[in-house]
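Chemist: Chains as they are written, first to last, in my numbering: chain A, 17 to 132; chain B, 296 to 413.
Every residue, glycine too, gets a C-beta built ideally from N, C-alpha and C.
#1: Sorted by chain position, which residues of the same chain lie with C-beta nearer than 6 Å to residue 413/B's C-beta, five sequence neighbours on each side aside?
#2: Taking residue 24/A as the reference, give the member of 305/B, 335/B and 357/B with the closest Cα.
#3: Take residue 122/A as the anchor and find which of 405/B, 361/B and 339/B has the nearest alpha-carbon.
#4: Where does residue 297/B sit, in a helix, a strand or coil, going by DSSP?
#5: Once the 5 residues before and after residue 307/B are set aside, which same chain residues still bring their CB inside 6 Å of it?
#6: Mind checking if residue 101/A is an interface residue toward chain B, Cβ cutoff 9 Å exclusive?
#7: Got a sec? Which residues, its chain only, sit under 8 Å from residue 332/B by beta carbon, not counting five neighbours each side?
#8: With residue 65/A as the anchor, note down where its beta strand (DSSP E) starts and where it stops.
#9: Roughly how many angstroms lie between the CA atoms of residue 346/B and residue 326/B, to the nearest whole one?
#10: Would residue 368/B and residue 319/B be called neighbours here (beta carbons separated by less than 9 Å)?
#11: Where does the unbroken beta strand (DSSP E) through residue 75/A begin, and where does it stop?
#12: Find out if the Cβ-Cβ distance for the pair residue 371/B, residue 315/B is shorter than 9 Å.
#13: Based on DSSP bridge pairs, tell me the residues matched to residue 352/B.
#14: Quick one: what does DSSP say residue 378/B is sitting in, helix, strand or coil?
#15: With DSSP collapsed to three states, give me the class of residue 88/A.
#16: Along the beta strand (DSSP E) that carries residue 19/A, what are the first and last residues, could you check?
#17: Alpha carbon to alpha carbon, how far is residue 328/B from residue 401/B?
#18: Using a Cβ-Cβ cut-off of 9 Å, state whether residue 316/B counts as contacting chain A.
#19: Could you name the residues that DSSP lists as bridge partners for residue 364/B?
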């Protein structure tokens, strides 16, 4: 069974602080994909990153970085020098290749509040 | 280029009624998926349609149905509405290409339709 756990319900930081959002996943597939999406108050899910199960390289994109560790089934997301515009709900998601179709399984999300 | 569009933006229905939600994919995208997001939760997969056929279905009752039209737009229908159907319904579109071929095409989400059942 597929499952994504985001244990942090809400995180509050002050602008310019670094913050890490945790994501732990469960899957029996050997081929799978992991994602992070951002959901601002407008409601639209914004794609941030995709990682496949064979690529454990960490990735950095501007102030965003992702740490994928298969050994601990984790795919954590760090925002460096947070800004007020980063305030949103962030979702981690998993998609298994074995299903034959693109079903995203989401975690319950982490609400990030960045105050000035 | 226009993104995924959904209509209506908001909808209020009463228990027992039926509702139809609409989605237009990004131009060139042939696959449409529907998700339900209850307040405070992550989106839950309902359906994926590709080339007008259902390719996958989540754990939702038969009251939920969908179809895809020749222009790849899609409708989600929910019959006999329950209070628990109140949610944000998200549509996502993607290019053709499945996971089996080792190629994953991103799903791009629309702004959603917020359904309130009273």
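Modeler: Taking the geometry as given:
#1: By one-based count along the second chain, residue 413/B stands at place 118. The answer, listed in chain order, is 309.
#2: Within the first chain, numbered from 1, the residue matching residue 24/A stands at position 8. It is 335/B.
#3: Stepping through the first chain from its first residue, residue 122/A is reached at position 106. The candidate whose alpha carbon is nearest that of residue 122/A is 339/B.
#4: Within the second chain, numbered from 1, the residue matching residue 297/B stands at position 2. The answer is coil: DSSP assigns residue 297/B none of H, G, I, E or B.
#5: The residue you call residue 307/B lines up with position 12 of the second chain. Same-chain partners within the cutoff: 411.
#6: Taking the first chain and counting its residues from 1, the one referred to as residue 101/A is at position 85. Using a Cβ-Cβ cut-off of 9 Å, residue 101/A does not count as an interface residue toward chain B, since no Cβ of chain B sits closer than that to its own.
#7: One-based indexing of the second chain puts residue 332/B at position 37. So the qualifying residues of the chain are 338, 339, 382, 383, 384, 385 and 407.
#8: Taking the first chain and counting its residues from 1, the one referred to as residue 65/A is at position 49. That run of the beta strand (DSSP E) goes 62-68.
#9: Translated into positions along the second chain, residue 346/B becomes position 51. Translated into positions along the second chain, residue 326/B becomes position 31. Those two C-alpha atoms are separated by around 7 Å.
#10: Taking the second chain and counting its residues from 1, the one referred to as residue 368/B is at position 73. Taking the second chain and counting its residues from 1, the one referred to as residue 319/B is at position 24. Yes.
#11: As a position in the first chain, residue 75/A is number 59, starting the count at 1. Looking at the DSSP string, the run of the beta strand (DSSP E) that includes residue 75/A is 75-77.
#12: Here residue 371/B corresponds to residue number 76 of the second chain, with the count starting at 1. Here residue 315/B corresponds to residue number 20 of the second chain, with the count starting at 1. A contact, by the Cβ cut-off of 9 Å.
#13: As a working mapping, residue 352/B is identified with position 57 in the second chain. The partner list for residue 352/B (beta bridge, DSSP) reads 342/B.
#14: Within the second chain, the letter at position 83 stands for residue 378/B. Correct three-state label for residue 378/B: helix.
#15: One-based indexing of the first chain puts residue 88/A at position 72. Residue state, collapsed to three classes: helix.
#16: Start at 1 with the first residue of the first chain, and residue 19/A comes out as number 3. Segment 19-21, the beta strand (DSSP E) holding residue 19/A.
#17: Walking along the second chain from the start, residue 328/B turns up at place 33. Walking along the second chain from the start, residue 401/B turns up at place 106. When rounded, the distance between both Cα atoms is 12 Å.
#18: The residue labelled residue 316/B in the question sits at position 21 within the second chain. It does not: the Cβ of residue 316/B has no partner Cβ on chain A nearer than 9 Å.
#19: On the second chain, residue 364/B is found 69 positions in, with the first residue counted as 1. DSSP lists no partner for residue 364/B.
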